[in-house]
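Trainee: For the record, the sequence lines run as chains V and G.
According to this note's numbering, the first sequence is numbered sequentially starting from 10.
According to this note's numbering, the second sequence is numbered sequentially starting from 550.
Every residue gets a Cβ at the ideal spot worked out from N, C-alpha and C, and that includes glycine.
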Amino acid sequence: MAKRIEASNVSSYYGSFKAIDSVSMTVEPKTITALIGPSGCGKSTFLRSINRMHEVLPGARIEGRLTIDDQNIYDPDVDVTAVRRMIGMVFQRPNPFPTMSIYENAVAGLKLNGVKKKSLLDEAAEKSLRSANLWDEVKDRLDRPGAGLSGGQQQRLCIARTIAVEPQVVLMDEPCSALDPISTLAIEDLMFKLKDRFTIIIVTHNMQQAARVSDKTGFFSIDKTGDPGRLIEYDDTQKIFSNPSQRKTEDYITGRFG
Amino acid sequence: MGDYPSRSVNATAGDLGVTPRHAQGAGYGNSPSNYNEPPLGGGGALPKKTRFSIETGFRGLSTAAGAMVLVIIVAIAVFLISKAVPALQANNASFLTELTWFPNDTEPVFGIAALAFGTVLSSIIALIVAVPIALSIALFLSHYAPRRLATPLGFVIDLLAAVPSVVFGLWGRDVFQEPVRDFSIWLNEYFGWIPLFGGEGPFGQSIMLGGLVLAIMVLPIVTSLSREVFQQTPGMNEEAALALGATRWEMIRTAVLPYGKPGVIAAVMLGLGRALGETIALALTLSIAFKINVNLIENGGNSIAANIANAFGEANETGRGALIASGLVLFVITLVVNMTARAIIYRRREFRDSAA
Chain V
10 MAKRIEASNV SSYYGSFKAI DSVSMTVEPK TITALIGPSG CGKSTFLRSI
60 NRMHEVLPGA RIEGRLTIDD QNIYDPDVDV TAVRRMIGMV FQRPNPFPTM
110 SIYENAVAGL KLNGVKKKSL LDEAAEKSLR SANLWDEVKD RLDRPGAGLS
160 GGQQQRLCIA RTIAVEPQVV LMDEPCSALD PISTLAIEDL MFKLKDRFTI
210 IIVTHNMQQA ARVSDKTGFF SIDKTGDPGR LIEYDDTQKI FSNPSQRKTE
260 DYITGRFG
Chain G
550 MGDYPSRSVN ATAGDLGVTP RHAQGAGYGN SPSNYNEPPL GGGGALPKKT
600 RFSIETGFRG LSTAAGAMVL VIIVAIAVFL ISKAVPALQA NNASFLTELT
650 WFPNDTEPVF GIAALAFGTV LSSIIALIVA VPIALSIALF LSHYAPRRLA
700 TPLGFVIDLL AAVPSVVFGL WGRDVFQEPV RDFSIWLNEY FGWIPLFGGE
750 GPFGQSIMLG GLVLAIMVLP IVTSLSREVF QQTPGMNEEA ALALGATRWE
800 MIRTAVLPYG KPGVIAAVML GLGRALGETI ALALTLSIAF KINVNLIENG
850 GNSIAANIAN AFGEANETGR GALIASGLVL FVITLVVNMT ARAIIYRRRE
900 FRDSAA
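Below you can see the structure in the form of structure tokens.
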């Protein structure tokens, strides 16, 4: 189910602006990797480069090599929609489809991929909503609008929608930054549970969160505005938060980042 | 917030935080160094509230403007009814079923049936032709065309909306009639067995020509409103669809079209409103006939508005009343159309309100 992601010398551009410079890292299957760093350091850009959402923006492109189990994600022959099915994504702000019910949101990905049979859809909806720890809260109102849920529930609905298509890797771009602490805790619990099935990469501004949930942590930083972001240090979470080898990392996690 | 430039211009607006005006104080243009007055936040006794402020004035102004709409609508309805009733009483035929229109005779005989039929039929043709094309153009402009192309093309479409209808009418009569006649003859030859395209001719100045001219007139309205609606689709919903592995068309089907549906319905209804009420373009392109005929390509056809334009000059007292009565029917038709559209939009309201 879960696959390995490897990045070597990945640089991402918006037009002529270089957002990240030469990032290399390997993410092992069935682990949680946290990407931390100050705003604008390119961690989200790197995340979006992994499932080729980066190139949705006009003028955006990358250099370098990104692979999933040794297959080149950016191979010109590769179907980009297949990449995105394989590498799902949860966004910063909960974004359920406003015109769809809870049920329709949960199975939206399956419907997009041509699943029509009602029994299959019902089964997948229940399974993904259960996996997202949302089933008990919504099972009696599946036909209600998805956007009518609370923020935390919406975000779990978005996670359900993402995992319903059974991806290999789940990318999360600050999934808790718009949520209250209780909903955040619910999402973190969920991540632990999902770790058994998926490779998870999460961008977060919350260092406690990175320390709590992740196996490995990557620290991104920029020297000054306009410079590309770089991966400063990438190591076991334990080591990053107790004994980082880079001075910049230490400054950041102890709050002395200037 | 995000580390990448947001796709939606609106999405970044919230990040700007305080506007310069607020940063200065509460908007009296004080420079921060002016400390002679007490601070805006208070100090001393609580001041009395102002009784007659700009606040009250503007509130009254906007209430009056809102009430004026109602007054105008009621005034129009009263005008139409008061003029129509005497003429209807003088009518020697059933107004709703009679086909002919002789209200100026000493024994007036007139009915709305043929006119209403022509009005609705020409508008339906216009919508059937215009809406698919308009939606395709709107989607092309909002989601496919590169910006360099979309901006000038959108401008040209808006320009089309500014062409006066009399120009469309003259163009339809003198230029567009030729190809439509040729096309009608071709249709008649191969599809004459369908009642819509049967008949003996002559062809050309037909309800089809009128409908097609209307379609061209409706096209820019529907296009530019739909484009506007499609562009407002939240970027994060489009991204959600793409991240699930949707192709661009699938993304449009999943995120853009459902989101834009109420807006598109409103746009189509506005277009229909224009088609139903269009006067001079139809008066110029149709060759007048007072009958109910499903044949689209033979000369003939008429519409309520075109008939008013054609007949008003020679009408006597009863004739004018009869024309006003027909205007009343047009008023009712557009009202029904608009209310239907509202009902359709209202039905899915719950799904939109929670989207905000």
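Could you tell me which of G:A626, G:P751, G:N653 and G:P713 sits nearest to N641 of chain G, measuring between CA atoms?
Mentor: Minimum Cα distance to N641 of chain G is reached at G:N653.
Trainee: Nearest CA to the CA of G49 of chain V: which residue from V:G68, V:D189, V:R70 and V:I29?
Mentor: Selected option, being the one with the closest Cα: V:I29.
Trainee: Along chain G, which residues have their Cβ under 8 Å away from the Cβ of R206 of chain V?
Mentor: Correct list: empty, because the minimum Cβ distance to chain G is about 18 Å.
Trainee: Tell me the DSSP secondary structure of W906 of chain G in three-state form.
Mentor: Only positions 550 to 905 of chain G appear in the structure, and residue 906 of chain G is not among them; the question remains open.
Trainee: Give every residue of the same chain whose Cβ lies closer than 7 Å to the Cβ of E197 of chain V, excluding the five residues on either side of it in the sequence, and list them in chain order.
Mentor: The answer, listed in chain order, is Q218, R221 and V222.
Trainee: N859 of chain G and I841 of chain G look like a contact to me (Cβ under 8 Å); what is the Cβ gap, rounded to whole Å?
Mentor: With a Cβ gap of about 19 Å, N859 of chain G and I841 of chain G do not count as contacting.
Trainee: How many whole angstroms separate the CB atoms of L791 of chain G and M800 of chain G, which I take to be in contact at a CB cut-off of 8 Å?
Mentor: Going by Cβ atoms, the distance from L791 of chain G to M800 of chain G rounds to 5 Å, so yes, they are a contact pair.
Trainee: Closest by CA to L143 of chain V, which one among V:G160, V:K127 and V:I262?
Mentor: The shortest C-alpha separation from L143 of chain V is found at V:G160.
Trainee: Count the CB pairs spanning the region 178–189 of chain V and the region 139–156 of chain V that are closer than 8 Å, and state whether there are at least three.
Mentor: No, they do not touch.
Trainee: Quick one: is G578 of chain G buried, meaning 16 or more other Cβ sit within 10 Å of its Cβ, or exposed?
Mentor: Model confidence at G578 of chain G stands at a pLDDT of 48, short of 50, so the residue's coordinates are unreliable and nothing is read from them.
Trainee: How would you label Y553 of chain G, buried or exposed, when you count the other beta carbons within 10 angstroms and need 16 or more for buried?
Mentor: With a pLDDT of 45 at Y553 of chain G, under the threshold of 50, the modelled position of this residue cannot be trusted, and the question is left open.
Trainee: Of the residues V:I45, V:L44 and V:V65, which one's Cα is nearest the Cα of G24 of chain V?
Mentor: Among V:I45, V:L44 and V:V65, the Cα nearest to that of G24 of chain V is on V:V65.
Trainee: Is T867 of chain G helix, strand or coil by DSSP?
Mentor: The answer is helix: DSSP assigns T867 of chain G an H, G or I state.
Trainee: Would you say T246 of chain V reaches chain G, if we count a Cβ-Cβ gap shorter than 7 Å as a contact?
Mentor: Not one chain G Cβ lies under 7 Å of T246 of chain V.
Trainee: Can you find a CB in chain V that lies within less than 7 Å of the CB of P807 of chain G?
Mentor: Yes, contact with chain V.
Trainee: Spell out a yes or no on whether the region 847–862 of chain G and the region 751–760 of chain G are touching, meaning 3 or more CB-CB pairs, one atom from each, closer than 8 Å.
Mentor: Cβ pair count under 8 Å is three or more, so yes.
Trainee: Can you check which of these residues, G:E749, G:I682 and G:I857, is closest to L833 of chain G by C-alpha distance?
Mentor: Here the closest residue by C-alpha is G:I857.
Trainee: Give the interface partners of M785 of chain G over in chain V, defined as CB-CB distance under 8 Å, in chain order.
Mentor: What M785 of chain G touches in chain V: F100, R102 and N104.
Trainee: Give me, in chain order, the residues of the same chain whose beta-carbon lies closer than 8 Å to that of A710 of chain G; leave out the 5 immediate sequence neighbours on both sides.
Mentor: The answer, listed in chain order, is P769, I770 and S773.
Trainee: For S254 of chain V, does the three-state DSSP call read helix, strand or coil?
Mentor: Coil.
Trainee: Beta-carbon of G794 of chain G versus every beta-carbon of chain V: anything under 7 Å?
Mentor: Interface residue, yes.
Trainee: Between the alpha carbons of F229 of chain V and R61 of chain V, how many angstroms are there, rounded?
Mentor: Cα to Cα, the separation comes out at about 20 Å.
Trainee: Whose CA, out of V:P253, V:E15 and V:P105, lies closest to the CA of A804 of chain G?
Mentor: The residue with the shortest Cα to Cα distance from A804 of chain G is V:P105.
Trainee: So, at 8 Å on beta carbons, what are the nonlocal neighbours of F659 of chain G in its own chain, with the 5 sequence-adjacent residues on each side left out?
Mentor: Counting only Cβ-Cβ distances below 8 Å, and skipping sequence neighbours, we find N640, A642, F644, E647, T649, W650, F651, P652 and A871.
Trainee: What residue range does the beta strand (DSSP E) around S48 of chain V cover?
Mentor: No beta strand (DSSP E) contains S48 of chain V, which DSSP labels as neither H nor E.
Trainee: Taking only three categories from DSSP, how would you classify A764 of chain G?
Mentor: Residue state, collapsed to three classes: helix.
Trainee: On the DSSP bridge assignment, give the partners of E847 of chain G in chain order.
Mentor: Beta-bridge pairing links E847 of chain G to G:F752.
Trainee: List, in chain order, every chain V residue whose beta-carbon is nearer than 8 Å to that of L791 of chain G.
Mentor: M62, V65 and R93, listed in chain order.
Trainee: Please check the pair C167 of chain V and N215 of chain V, which I expect to be a contact at CB under 8 Å, by giving their CB distance rounded to whole angstroms.
Mentor: About 18 Å separates the two Cβ atoms, so there is no contact after all.
Trainee: Express the C-alpha separation of T867 of chain G and G721 of chain G in angstroms, rounding to a whole number.
Mentor: Those two C-alpha atoms are separated by around 33 Å.
Trainee: Could you give the uninterrupted runs of the beta strand (DSSP E) lying entirely in the region 165–229 of chain V, keeping only those of 3 residues or more?
Mentor: As far as the region 165–229 of chain V is concerned, its whole beta strand (DSSP E) runs of at least 3 residues are 178–182 and 208–212.
Trainee: Within the 7 Å Cβ cut-off, does G118 of chain V reach chain G?
Mentor: Yes - at least one Cβ of chain G is within 7 Å of the one on G118 of chain V.
Trainee: With a cut-off of 8 Å on the beta carbons, I'd call A195 of chain V and R165 of chain V a contact; round off their distance for me.
Mentor: Their Cβ separation, rounded to whole angstroms, is 7 Å, which keeps A195 of chain V and R165 of chain V in contact under 8 Å.
Trainee: Which same chain residues, not among the five before or five after A864 of chain G, have their C-beta less than 8 Å away from its C-beta?
Mentor: The answer, listed in chain order, is P652, N653, A871 and L872.
Trainee: Who are the Cβ neighbours of Q573 of chain G in its own chain at under 6 Å, not counting the five residues just before and after it?
Mentor: At Q573 of chain G, the pLDDT of 43 sits below 50, so the modelled position is not reliable; the number obtained from the coordinates is stated separately. None.
Trainee: From what residue to what residue does the beta strand (DSSP E) around G73 of chain V run?
Mentor: Where G73 of chain V is concerned, the enclosing beta strand (DSSP E) stretches over A69 to I77.
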